[in-house]
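Numbering (the UniProt record's numbering), first residue to last: 1 to 349. From the three backbone atoms N, C-alpha and C, an ideal C-beta is built for every residue, glycine too. Notes for the one structure printed next.
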């Protein structure tokens with residue numbers, strides 16, 4: 001049994017704590033401790049916690065780099081986000097971080113900035129750093145590029161429907177989510193529903209627009225392209241969209257935004273115009289960011305399981321790395337009704 005060292009403070013000597021001592025403290029076998037540290041153990045949560053407590057008690061700090069080198073691994077995974085400052089990706093990264101706890105793996109995070117060429121450059125950088133796998137959160141590179149890169153390292157990507165031995169995609173039903181939001185407004189009596197889109201050429205944004213038009217069609221409500229205003233998933237575009245709707249003198253009683261950040265901007269623009277939400281205009285977002293529960297009033301929105309996406313994607317990647325069967329499924333989208341929607345009034349803006 002290899003002994004992995006640290007600087008112990010559990011006694012008055014400089015003798016290092018060994019993995020065997022951690023096992024003895026936890027009341028498990030050394031091999032169980034090793035497998036828990038490597039993220040390969042299938043044990044009860046009670047036993048896993050006992051090992052974690054023993055590690056904390058003995059101040060045991062295994063040299064993960066040394067462990068990884070012996071197994072031909074770097075014990076790191078690369079994560080490509082699109083906007084590292086966005087609360088959308090922040091919540092997903094929380095899920096990634098929690099899934100890595102106790103596995104011995106560390107993460108290297110880079111940003112693609114919604115630019116395909118930059119995403120490719122960042123992925124190549126991660127490959128050069130010998131990461132053991134990559135999580136690609138959204139992005140604009142093609143599925144073909146993802147499959148090519150997966151020949152070098154396993155890749156798990158969100159927003160894609162791919163499934164090979166080395167590449168796995170998790171795709172949410174964005175069309176259904178937008179349909180849920182617009183149907184909710186229609187059920188409240190709204191017929192003139194404005195829609196703030198996401199960025200042009202973004203597949204999630206396109207699918208959400210399709211969900212909007214589908215809901216109108218099923219309710220026999222004519223589609224009016226003057227009520228559709230292009231946004232870019234940022235707060236400022238939500239403000240600009242509302243300003244445009246008023247400047248072009250469109251009549252509407254509700255707004256459906258393609259994401260929560262756009263809804264935040266729309267809400268601020270309405271506030272500055274003296275228009276009440278939901279008394280005058282109803283508002284729905286898409287994402288259910290943590291801050292959406294604390295807006296004034298709290299935002300009705302479509303919940304994306306952001307934390308779960310990060311956690312499940314990470315566990316799936318580790319399973320691929322370890323040659324295990326992946327049995328992960330993302331929870332479905334759901335509408336969260338809060339306080340920004342109400343039955344339509346007769347007045348139209």
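Could you check the C-alpha separation between residue 79 and residue 242 for me, to the nearest Å? 35 Å
Hey, residue 99 and residue 311: beta-carbon distance below 8 Å or not? yes
### Rounded straight-line distance, which links the Cα of residue 218 to that of residue 344
19 Å
Could you check the C-alpha separation between residue 236 and residue 101 for me, to the nearest Å?
36 Å
Q | residue 252 - containing beta strand (DSSP E), residue span | A | Where residue 252 is concerned, there is no enclosing beta strand (DSSP E), given that its DSSP letter is neither H nor E.
### Message
If you follow the beta strand (DSSP E) that residue 265 is in, where does it begin and where does it stop?
### Response
Segment 260 to 272 is the alpha helix (DSSP H) holding residue 265; no beta strand (DSSP E) there.
Next on the checklist: Rounding to the nearest angstrom, what Cα-Cα distance links residue 175 and residue 47 in this structure?
Outcome noted: 43 Å
* Along the chain, which unbroken stretches of the alpha helix (DSSP H) at least 4 residues long are found entirely within the stretch 164 to 189? -> 174 to 187
Under 8 Å, with one C-beta from each stretch per pair, do the stretch 116 to 131 and the stretch 334 to 344 reach the 3-pair mark? no
**Request:** Indicate the three-state DSSP secondary structure (helix, strand or coil) for residue 341 in the structure shown.
**Result:** coil
Cβ-based neighbour list, residue 65, same chain, cut-off 7 Å, excluding 5 preceding and 5 following
The predicted position of residue 65 is uncertain, since its pLDDT is 49 and thus under 50; no value can be drawn from it.
Within-8 Å CB hit, residue 316 to chain B: Considering every chain present, this structure includes no chain B. It has just one protein chain.
### For residue 262 and residue 238, believed in contact at Cβ under 8 Å, the rounded distance
4 Å
message = Quick check on residue 20: does DSSP put it in helix, strand or coil?
response = helix
| task | Just grab the DSSP bridge partners of residue 334 for me. | result | 303
Excluding five sequence neighbours on each side, which residues of the same chain lie with their C-beta closer than 8 Å to the C-beta of residue 266?
-> 196, 238, 239, 241, 242, 255, 257, 283
First through last residue of the alpha helix (DSSP H) which encompasses residue 89: 87 to 100
Margin query: Within the continuous alpha helix (DSSP H) that includes residue 211, where are the two ends?
Written below: 203 to 218
Report task. Pull up the distance between the alpha-carbon of residue 114 and that of residue 276, whole angstroms please. Result -> 34 Å
Practice item. Determine the closest residue to residue 82 out of 92, 112, 105, with distance taken between C-alpha atoms. Key: 112
* Between 142, 135, 104, which lies nearest to residue 116 when the distance is taken from Cα to Cα? -> 142
Within the continuous alpha helix (DSSP H) that includes residue 58, where are the two ends? 45 to 58
Best match in 177, 173, 215 for proximity to residue 410 [C-alpha to C-alpha]: This structure cannot speak to residue 410, because the chain is shown only from 1 to 349.
* Own chain, CB closer than 7 Å to residue 12, minus 5 neighbours either side, in chain order -> Reliability of the predicted coordinates at residue 12 is poor, the pLDDT of 40 falling under 50, and no value is obtained from them.
- Secondary structure at residue 329, three-state DSSP: helix, strand or coil? coil
For residue 149 and residue 313, believed in contact at Cβ under 8 Å, the rounded distance: Contact doesn't hold; Cβ gap of about 16 Å is too wide.
Residue 104, enclosing beta strand (DSSP E) - first and last residue: Careful: residue 104 lies outside any beta strand (DSSP E) and carries neither H nor E.
Quick check on residue 204: buried or exposed, where buried means 16 or more other Cβ atoms within 10 Å of its Cβ? buried
In the structure shown, what three-state DSSP assignment does residue 285 receive? strand
Exercise for the section: From the DSSP output, read off the bridge partner residues of residue 136. Expected result: 80, 157
Legend entry - residue 96 to residue 24 span [Cα, whole Å]: 31 Å
message: Here's the rule I'm using: 16 or more other beta-carbon atoms within 10 Å means buried, otherwise exposed. How should residue 73 be labelled?
response: buried
> Roughly how many whole angstroms lie between the Cα atoms of residue 232 and residue 22?
Replying inline: 52 Å
How many Å lie between residue 304 and residue 173 at the Cα? 10 Å
**Message:** Please return the same chain residues whose Cβ sits closer than 6 Å to the Cβ of residue 118, not counting the five positions on each side in sequence.
**Reply:** 112
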